[in-house]
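Chemist: Numbering (my numbering), first residue to last: 10 to 321. Ideal Cβ placement from N, Cα and C applies to all residues, glycine included.
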Amino acid sequence: MDLKQLEYMIKIAEENNITKAAEKLFITQSALNQQLLKLEKELGTQLFVRSRNNWHPTHAGEIYIDNAKKMVQIKKDTYNQINDLMDIKKGKLSIGLTPERGPEMFASIYPTFYKKYPNIKVEPIELPVKQQQHEILIGNLDIGFVTLQDYQKTNDEYIQIGLEEIILAVPKGHPLAHIGGKLGDSLPEISLDRFKNDTFALMQKGSTLREIYDNLTTALDFNPYILLETRSCHNLYNMVAEGICCSIIPIAYAKQNSNVTYFLIKQKPVWEVCASYKKGTYLSNPARDFIKIASNYWSTKLNQPKGISCNP
């Protein structure tokens, strides 16, 4: 069986469009269509339902695509295991990064990785957490670096490389600001429901941080007014610093600023910084080393002990 043909069919299924699939595969649409027709003739059945804007697998196509993905993964795992056995430091790593903090992490740790693995091609891909989870599931990412709580994890593998508190940031003009604290001090604890009549800036719906906030307010049975929804935790902090509203932010985004006071939240929301990879796949030595370097980076950034194991 031709593995290249398997990859072609997988790409058509991913794109739901033969034209887009051909573009991603860097071949002509005609050549890709010929491969598909040849395979369908060999199997004696159609693999895709065709329409102008949406190709989707038939039942036979679903069976083919599911098993094609398994075979492609077996090939990848086999090559990685042999490369590790022979200490062949070459290949490719696709790394998922969250759009806001991921690039900073990558720029900090890649030079260390490159010194040991100059012949490993690393492809950083910036995606929100849930999109990373999807790409890991379908085999398009080797590792994803994500921040989330336990209930937000999929059935794939997660290696915890850090824990980060989520805190409440309040502008200095707020009536409760005087009992708040500054970074570097022991922050006072307060229940989030004391701010039920306040205005908040929050991450957009669908983000892992927004889900944590929504669960907190649902449990406390209140629903504060939301002034702004954004994709950036930096924007959340800036809204507080400008005296506009309150917000909850990961502690690594907090800055020492006379215009902002901070509280620990009584409900103690904490999320994990994790490296994730597809369940049942082989994690190569270069991938493990990349995770170890990332673990040291987060240990320093979050002021936590180093030496977190990258074993699943």
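If distances are taken between C-alpha atoms only, which option among R110, P127 and K78 comes closest to L102?
Modeler: Walking along the sequence shown from the start, residue 102 turns up at place 93. If we check each option's Cα against that of L102, P127 comes out closest.
Chemist: State buried or exposed for G100, treating a residue as buried only when at least 16 other CB atoms are found within 10 Å of its CB.
Modeler: Mapped onto the sequence shown, residue 100 falls at position 91. Per the 10 Å Cβ criterion, buried.
Chemist: Grouping DSSP H, G and I as helix and E and B as strand, with all else coil, what is T270?
Modeler: For the purposes of this step, residue 270 is taken as the residue at position 261 of the sequence shown. If DSSP states are grouped into helix, strand and coil, T270 belongs with the strands.
Chemist: Which residues mark the beginning and the end of the alpha helix (DSSP H) in which L218 is found?
Modeler: For the purposes of this step, residue 218 is taken as the residue at position 209 of the sequence shown. L218 -> alpha helix (DSSP H) spans T217 to L229.
Chemist: Measuring CA to CA, which of E51, A186, N92 and P197 is closest to N294?
Modeler: Working through the sequence shown from its first residue, we reach residue 294 at position 285. Of the candidates E51, A186, N92 and P197, the one whose C-alpha sits nearest the C-alpha of N294 is N92.
Chemist: Reducing DSSP to helix, strand and coil, say where W64 ends up.
Modeler: The count along the sequence shown starts at 1 and reaches residue 64 at position 55. The answer is coil: DSSP assigns W64 none of H, G, I, E or B.
Chemist: Would you grab the beta carbon distance between C255 and V138 for me? Rounded to a whole angstrom, and I think it's under 8 Å.
Modeler: As a position in the sequence shown, residue 255 is number 246, starting the count at 1. As a position in the sequence shown, residue 138 is number 129, starting the count at 1. That pair is no contact at about 24 Å.
Chemist: By how many angstroms is the C-alpha of N312 removed from the C-alpha of I21?
Modeler: Against the sequence shown, residue 21 aligns to sequence position 12. Against the sequence shown, residue 312 aligns to sequence position 303. Those two C-alpha atoms are separated by around 46 Å.
Chemist: Could you check the C-alpha separation between R203 and V131 for me, to the nearest Å?
Modeler: One-based indexing of the sequence shown puts residue 203 at position 194. One-based indexing of the sequence shown puts residue 131 at position 122. Distance between the alpha carbons of R203 and V131 is about 47 Å.
Chemist: Work out the CA separation of L52 and V58 for me, nearest whole Å.
Modeler: Here residue 58 is taken as the residue at index 49 of the sequence shown, counted from 1. Here residue 52 is taken as the residue at index 43 of the sequence shown, counted from 1. Rounded to the nearest angstrom, the two C-alpha atoms are 15 Å apart.
Chemist: My output table needs one value for L236: the three-state DSSP class, helix, strand or coil.
Modeler: Sequence index remark: in the sequence shown, residue 236 carries index 227 (1-based). Strand.
Chemist: Beta-carbon within less than 7 Å of Q90's beta-carbon, same chain only, minus the 5 sequence neighbours each way: which residues are those?
Modeler: Against the sequence shown, residue 90 aligns to sequence position 81. Answer for Q90: Y291, listed in chain order.
Chemist: When DSSP labels each residue in this structure, what does L185 get in the three-state scheme?
Modeler: Locating residue 185 in the sequence shown gives position 176, where the first residue counts as 1. Three-state result, L185: coil.
Chemist: Give me the Cα-Cα distance between C319 and L185, rounded to the nearest whole angstrom.
Modeler: Residue numbering aside, residue 319 sits at position 310 when the sequence shown is read from its first letter. Residue numbering aside, residue 185 sits at position 176 when the sequence shown is read from its first letter. In this prediction, C319 scores a pLDDT of 42, lower than 50, which makes its location untrustworthy; the coordinate-derived value is nonetheless stated afterwards. Going by the C-alpha atoms only, they are around 42 Å apart.
Chemist: V131 bridges to which residues according to DSSP?
Modeler: Along the sequence shown, one-based indexing puts residue 131 at 122. V131 is bridged to L102.
Chemist: Determine the burial state of R240: buried for a count of at least 16 other Cβ atoms within 10 Å of its Cβ, exposed for fewer.
Modeler: Within the sequence shown, residue 240 is the residue found at index 231, counting from 1. Result: exposed.
Chemist: Going by beta-carbon coordinates alone, are L106 and E135 separated by less than 7 Å?
Modeler: Along the sequence shown, read from residue 1 onward, the residue named residue 106 stands at position 97. Along the sequence shown, read from residue 1 onward, the residue named residue 135 stands at position 126. A contact, by the Cβ cut-off of 7 Å.
Chemist: Taking buried to mean at least 16 other C-beta atoms within 10 Å of its own C-beta, is Y113 buried or exposed?
Modeler: For this step, residue 113 is matched to residue 104 along the sequence shown. One point to set straight first is that residue 113 is Glu, not Tyr, in the sequence displayed. Flag for E113 reads exposed.
Chemist: Of all the options T54, T87, W64 and A250, which has the alpha carbon lying nearest to the alpha carbon of N26?
Modeler: Position 17 of the sequence shown, counted from the start, is the residue given in the question as residue 26. Selected option, being the one with the closest Cα: W64.
Chemist: So is Q265 buried or exposed if we call it buried at 16+ other beta carbons inside 10 Å?
Modeler: As a working mapping, residue 265 is identified with position 256 in the sequence shown. By the 10 Å Cβ count, Q265 comes out exposed.
Chemist: Going by other Cβ atoms of all chains shown within 10 Å of its Cβ, with 16 needed for buried, is Y17 buried or exposed?
Modeler: Sequence index remark: in the sequence shown, residue 17 carries index 8 (1-based). Counting Cβ neighbours within 10 Å, Y17 comes out buried, since at least 16 surround it.
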